[in-house]
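Heads up, the sequence shown is in UniProt numbering, so the first residue is 1 and it goes up one at a time.
Every residue gets a Cβ at the ideal spot worked out from N, C-alpha and C, and that includes glycine.
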Amino acid sequence: MPKMTFVETDGTRREVDAPLGLSILEVARRHNIDLEGACEGSLACSTCHVVVAPEWYDLLPDAKEDEEDMLDLAFGLTKTSRLGCQIRISEELDGLVVMLPGAK
1 MPKMTFVETD GTRREVDAPL GLSILEVARR HNIDLEGACE GSLACSTCHV
51 VVAPEWYDLL PDAKEDEEDM LDLAFGLTKT SRLGCQIRIS EELDGLVVML
101 PGAK
C-alpha cells in the first residue's frame, strides 16, 4: 500500500498508509490529521489546502480551473499549493509529502 507523509503546522512529520484511489483529504481524515475539508470534497471551499513538497508537485495531474479558483481563496498560498480533495493517491504518488498551511 502506498504511503504519504503529512507535515503538520508544528513541523511534526506523520507517515501514514494512503490507499489507492483515496484523496489526500480522505487519507487525512482516516488518520485524524487536522485537514478541515468543510465542503466534504465538493470543490466549494479551500479548507483542504495543502502545500505539496516541490519534488512531488510535477508528478501531480494539473489543477483544473475550478480548483485554481478555490485556491485563490486559500490562506498561505504557495507555488505548490493544491486542494487535498483533488489529488487522488496512485502508485506514482507512493511517498508523497504534503505540508499543512503554516507548516515550517
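Given Val51, which residues of its chain have a CB within under 6 Å of its CB, disregarding the five upstream and five downstream residues?
Residue numbering aside, residue 51 sits at position 51 when the sequence shown is read from its first letter. Once the five neighbours on either side are set aside, the close Cβ partners of Val51 are Thr78, Thr80, Ser81, Met99.
7 Å Cβ shell around Gly21 - same chain, five flanking residues per side excluded:
As a first step, residue 21 is located in the sequence shown; it is residue number 21 there, counting from the start. Excluding residues within five positions, the ones whose Cβ falls inside 7 Å are Arg88, Ile89.
State the Cα-Cα distance for the pair Val7 and Arg14, rounded to the nearest angstrom.
Position 7 of the sequence shown holds residue 7. Position 14 of the sequence shown holds residue 14. Rounded to the nearest angstrom, the two C-alpha atoms are 6 Å apart.
When you compare only the Cα positions, how much space is there between Arg30 and Val16?
Along the sequence shown, one-based indexing puts residue 30 at 30. Along the sequence shown, one-based indexing puts residue 16 at 16. The straight-line gap from Cα to Cα measures roughly 9 Å.
Consult DSSP for Met4 and reduce its assignment to one of helix, strand or coil.
Locating residue 4 in the sequence shown gives position 4, where the first residue counts as 1. It is a strand residue.
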